[in-house]
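A.B. asks:
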Amino acid sequence: MRHDTLKRVPKRSAAITLLAFMILLCSGCGGVRSPQTDTSQTDDSALSTAYTLLRHAVTAGRWKEASQYSHAALIERPEDPEVMFLAAKVAFHNDDPRLSTELLASACSLESYVNDNRVHQAVVTLLSMGRLYDSMELLEETVRHRPEHHLFRRRLVDFYAMAERPEMAAPHQRVLVQQRRFYLSLLLQLASSGPRTLEEDSVQLLVDRNPQDLRPLLAKAKRHFDQRRDDLSMKLLEDILDRHPDFAAAHALAISVVARSVDPDSIPASAAQTPTEVESYVRYWIALGDWAICQSMTEVAVRCYWEGTRRDANNSECWIKLSSSLQRLSGQHPGPECNANIRNVQQRASLLNRLDQQIREFTSAGANSQRLAIGIAKTLWKLGRRWESEAWAAIALTFKRDRTDDAAEYRSSVVQTLRRDTPWQVTQTHPELTLDLSEFDLPRVHRDERTASSERVFNTIGLSEELPITKPTYKLINQAAERGINFFGYTHPHLDQPGFMLHHTLGCGGGVLDYDLDGWSDVYLAAAGGTPRLDDSKPNALFRNHSGRFLETTAHTGVGGTGFSQGVAIGDINEDGFPDIVVFNFGRNVLYVNQGDGSFVDRSDRWWNGDQDPSWSTSGAIVDFDGDGLSDLISLNYCTGDDLTTHRCVSEKLDAAPSCSPMAFPADEDHFLRGMAEGRFADRADTNHVTPDIIGRGLGIVAGSLDADNGIDVFIANDMTNNHYWSIPAAATPSPKRMREFAMMRGLASDAQGTAQGSMGIAVGDSDQDGYFDLFVTNFSDESNVLHRYRGRQGWVDDTNRLGLASNSFPLVAFGTQMLDLDNDGQLEIAVTNGHVQILSPTGVRADYAQPFQIYQRSPRGNYHLVSPLMQSGYVDSDHVGRALWTIDANRDAKTDVFVTHQTEPVALLINESTTQSSWVEIQLTGTVSARDAIGATVELRYGNKVWKKPLTAGDGYLCSNERLLRFGLQDPKPSDCSVTVHWPSGHVDSYDDLTPNLRWLIVESQEITSLD
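Mapping to my numbering: the sequence shown position 117 is 788, numbers consecutive.
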């Protein structure tokens, strides 16, 4: 709320005279009485000596007496700042802080803000009353009159940051940098477009002291928005707008909540209720662009995102979305100019995204690495932000850690290019900044229908109400021990105590295979616990499934590797018809080749030609990614560095050192290895794909045909760095050089806000039965999991909040996940295993190490509900430190069962005891022209008037491999026409009619279908 005194500061006499009369009016008397005179008379001499008497009373600390003189003194000397200051002091000591602040502000104005102490005291007093916005207005006036006063400008920047008003801080930040008054936190604010930290207690204290002004709560609402707590964010925004209906910044954030959490059809109506000032905010244009994408109005989306980039040329989310929208539009507007525009926009989007990653790595590493700071400076230079580049180079020279030889030389080269007239943002070599896309239509927003009350706005933008949750018909019972599986693949023997290291936190995985081809799925389980890069860990184990009971056959089969094992990939690496095993270790990976006689042989040296780096590998997939009919191998790598297992991150608040953040170590490149006919992998130089713009810390992987185009796609979940999406289009002549990484362009690199997360697990499936495959990604605590919903040529869209999947995952650390149909009703549930990586929080408080196992069930409205709290089973009712999760049908009852590994307890085998009577069909695929595993095939099944579509994938998420079988729940137990169409990786299509439900079918490429029951 702006106050009249502050508005009228330039009109000195009018302002002060009016203020004096207001004071007299408030005093309730006709004059000022001297304590020595008769109270019934007005003493004219008191008026002439009021200032002197006031000064003496203030000096003596007689505040009640002084208040009588201050009124007369203000009338006597209405433009004397000293009188204003004394009167303000008197008002403060007489418990009238509001009058005191008005007088202080007027005193500052009268002397053109030259008295630093008075300005400082006025600001402090305003803040003590909770008047943040008035204090910012006072400081704005101060630096306008005294542009050289950088201390007050710096304070103003800090206040704007507290208020979540970056658009107001920006011009002052630029002045500070150009006048060489920068500091590290200022440079971080300028360089980062991601979520900001917030001192919530400070903001709430301001509102508690001044409940009439709710605008400071915008920062809290933005914090909730960044945390995906849209219901809490909207509640605050409703309160703010009810009090301040024309507060454009709050409107911009509110429409962003609508765009993410409510039916997008409501966006135009919501926009119509906003003031025109909201169009100056980039968030407003992003929301309209997102709405246009949902409506398949690509040209309108392009215009909206372009308008957003004009408001903020450094908002990575806006540039990323403009880039992907232009890419989709290129088919309608072909030509060299269009292609050039796309390249230029993509380059800026990539650079801004890289900058966000670099800032995150820099801060995670302690914000004192010279090497990382110089890297930030170089990226800023490429963006045309030369002043910031020089500032980062200068501040890098003050860092003593992680020094680099070229720091001083780089800074010198930047300084030589700077002139007084060098623009803040260079545009001459950045055509994306002069791009004109005004030819495309704007969305139609009819503000002439805007209501005076905010009630219509809230009715439009209120969040969707939840439907009642129905109790699920399935149970998951841990029967591992009674079915013969007693295995604990821990990474450290004392994971129930603080003090373990980063490599102890990831856990161990496993995979399903039918290694003896008897029709019963067996399981291979990984273990660690020893020393990385050495063979001194607990042995991995293979369990053979005999009619639903498991017998350990590790010694007989020869697969008991003792490396520091993390994940497992299953597949036919040599195309002989028998599944093989790849174990991903922190050290050299191991390939066990199935001999076909119930045993395996370690062929690692042969396949890797004896040239394998001891990398920290996590997950991987066996898949023919180059289309030559031979299986290849993808191996994900996590971190690298000589001190991975020795460096300890110290905490002053903890006795035991916590495990380091992965950002403390450099990321390592993934390996794409082509399988050769002679039984080896091609040399690395021949198989390395194009290096991604940002190297990831790979943890989860899914490979298959994931989008609408033919060919293999590989989606990789990276920890605290951008996810990767490699698309290898089908072609007559296989070539690894055709691979492209464009997760950013397809909407998969991060969440909807463009923020890279601590991504780990992946689940894939057609969650909404629209014939497209969606991707569910698990993340760290304070982030929420993300459901990327595929919209065909529009790519993937983050629909997490709209579908109700955000809030229940926010406080948890999620690892393994799968989309699976637990009751064979044709609808996919989502299972997630959770568990923290630390026993103690950074502040020393005990963290929720063990966390609940979760199952989300889709409602008829299409949103998801957490139903696991309603399930009655010993395992689901308890908390666990979960890691990998994968699927199997252990007892061949055509119901999906689940394996889960843990950090502090043995592996669990959750048997599905659903009471469903639904029919089902199981499909097993074998390629002929395609690789034998047929990864990349998709199967479409029609049953009556219903259609389902499933992909055959490898990798299958976090450290694991699922049972290689496609199970379709048909819901209806009544007989109906059933047909199947298979799209093979080779491009061949096979169709089969008149399938009998409740059977397992084998489909061999280009051959007749065969029942396996």
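Backbone N, C-alpha and C fix where the C-beta goes; we use that ideal spot for every residue, glycine too. Given the structure is predicted, the values throughout are model-derived calculations rather than measurements.
Check each candidate in His895, Asp910, Tyr952 and name the one with the smallest Cα separation from Val928.
C.D. replies: His895
A.B. asks: State the beta-bridge partners of His1654 as determined by DSSP.
C.D. replies: DSSP output for His1654 lists Thr1609, Val1660 as bridge partner(s).
A.B. asks: On the DSSP letters alone, give me the boundaries of the alpha helix (DSSP H) that Trp962 sits inside.
C.D. replies: First-last of the alpha helix (DSSP H) with Trp962: 953–965.
A.B. asks: Taking only three categories from DSSP, how would you classify Gln1096?
C.D. replies: Gln1096: coil per DSSP, three-state reduction.
A.B. asks: Could you please give me the residues that DSSP links to Asn1149 through a beta bridge?
C.D. replies: Leu1581
A.B. asks: Measuring only the C-alpha atoms, how far is Leu888 from Gln898?
C.D. replies: Going from the Cα of Leu888 to the Cα of Gln898 covers about 15 angstroms.
A.B. asks: Can you name the start and end residues of the alpha helix (DSSP H) that Ser1288 belongs to?
C.D. replies: Ser1288 -> not in any alpha helix (DSSP H); beta strand (DSSP E) instead, spanning 1288–1294.
A.B. asks: Please list the segments of the alpha helix (DSSP H) lying wholly inside the segment 1368–1401, counting only runs of 4 or more residues, in order along the chain.
C.D. replies: none
A.B. asks: Pro935 and Trp956 look like a contact to me (Cβ under 8 angstroms); what is the Cβ gap, rounded to whole Å?
C.D. replies: Rounded, the Cβ-Cβ distance is 15 angstroms, inconsistent with contact.
A.B. asks: In the DSSP output, which residue or residues are listed as bridge partners for Arg1215?
C.D. replies: Leu1222
A.B. asks: Can the beta-carbon of Ile1427 be found less than 8 angstroms from the beta-carbon of Thr1392?
C.D. replies: Note that residue 1427 is Ala in the sequence shown, not Ile. Result yes, Cβ atoms of Ala1427 and Thr1392 sit closer than 8 angstroms.
A.B. asks: Does DSSP classify Ile1252 as helix, strand or coil?
C.D. replies: strand
A.B. asks: What first and last residue would you give for the beta strand (DSSP E) that runs through Phe1271?
C.D. replies: Unbroken beta strand (DSSP E) run through Phe1271: 1271–1273.
A.B. asks: Could you tell me the alpha carbon to alpha carbon distance between Leu1446 and Gly1432, rounded to whole angstroms?
C.D. replies: Taking the straight line joining both Cα atoms gives about 10 angstroms.
A.B. asks: Over the uninterrupted beta strand (DSSP E) stretch that includes Arg825, give me the two end residues.
C.D. replies: Here Arg825 belongs to no beta strand (DSSP E); instead the alpha helix (DSSP H) covers 821–833.
A.B. asks: For the alpha helix (DSSP H) containing Phe756, name the first residue and the last one.
C.D. replies: 752–764
A.B. asks: Give me the Cβ distance between His1174 and Leu1315, rounded to the nearest whole Å; I'm assuming they're in contact under 8 angstroms.
C.D. replies: 7 angstroms
A.B. asks: Does the segment 1058–1076 come close enough to the segment 985–1000 that 3 or more CB-CB pairs lie under 8 angstroms?
C.D. replies: The segment 1058–1076 and the segment 985–1000 do not touch, with fewer than three beta-carbon pairs separated by less than 8 angstroms.
A.B. asks: At the level of alpha carbons, what is the spacing between Gly1367 and Asn1389?
C.D. replies: 5 angstroms
A.B. asks: Give me, in chain order, the residues of the same chain whose beta-carbon lies closer than 6 angstroms to that of Glu736; leave out the 5 immediate sequence neighbours on both sides.
C.D. replies: Ala728
A.B. asks: Using a Cβ-Cβ cut-off of 6 angstroms (strictly less than) and excluding sequence neighbours within five positions of Gly1436, which residues of its own chain qualify?
C.D. replies: Met1490, Leu1499
A.B. asks: In terms of DSSP beta bridges, what is Met1347 paired with?
C.D. replies: Beta-bridge pairing links Met1347 to Arg1351.
A.B. asks: Could you name the residues that DSSP lists as bridge partners for Cys624?
C.D. replies: Residue 624 lies beyond the range of the chain shown here (672 to 1684); nothing can be said about it.
A.B. asks: If you reduce the DSSP assignment to three classes, tell me which class Pro1622 lands in.
C.D. replies: strand
A.B. asks: What does the Cβ neighbour count give for Tyr854, buried or exposed, with the cut at 16 atoms within 10 Å?
C.D. replies: Tyr854 is exposed by the Cβ-count criterion.
A.B. asks: Let's see if you can read the secondary structure: which residues bound the alpha helix (DSSP H) around Val814?
C.D. replies: It spans 803–816 - the alpha helix (DSSP H) in which Val814 sits, taken as one unbroken run.
A.B. asks: By alpha-carbon positions, which one of Gln998, Glu950, Arg999 ends up nearest to Cys975?
C.D. replies: Glu950
A.B. asks: Along the chain, where does the beta strand (DSSP E) containing Trp1052 start, and where does it finish?
C.D. replies: No beta strand (DSSP E) contains Trp1052, which is instead part of the alpha helix (DSSP H) from 1041–1053.
A.B. asks: How would you call Arg826, buried or exposed, if buried means at least 16 neighbouring beta carbons within 10 angstroms?
C.D. replies: Per the 10 Å Cβ criterion, buried.
A.B. asks: For Asp714, does the three-state DSSP call read helix, strand or coil?
C.D. replies: The predicted position of Asp714 is uncertain, since its pLDDT is 44 and thus under 50; no value can be drawn from it.
A.B. asks: Quick check on His922: buried or exposed, where buried means 16 or more other Cβ atoms within 10 Å of its Cβ?
C.D. replies: buried
A.B. asks: DSSP on Cys697, reduced to helix/strand/coil?
C.D. replies: At Cys697 the pLDDT is 40, less than 50, meaning the model places this residue with poor confidence; the figure from the coordinates comes in the next sentence. Cys697 falls in the helix class under three-state DSSP.
A.B. asks: Does the segment 1625–1639 come into contact with the segment 1580–1597, if we say contact requires no fewer than three beta-carbon pairs (one atom in each stretch) closer than 8 angstroms?
C.D. replies: Put simply, the segment 1625–1639 touches the segment 1580–1597. At least three CB pairs are less than 8 angstroms apart.
A.B. asks: Using DSSP bridges, identify the partner residues of Thr1597.
C.D. replies: Val1675
A.B. asks: In whole angstroms, what separates the C-alpha of Arg1259 from that of Ala1485?
C.D. replies: 27 angstroms
A.B. asks: Relative to the C-alpha of His777, which residue among His1342, Gln792, His764 is closest?
C.D. replies: Residue identity check: residue 777 is Ser in the sequence provided, not His. Comparing Cα positions, the closest option is Gln792.
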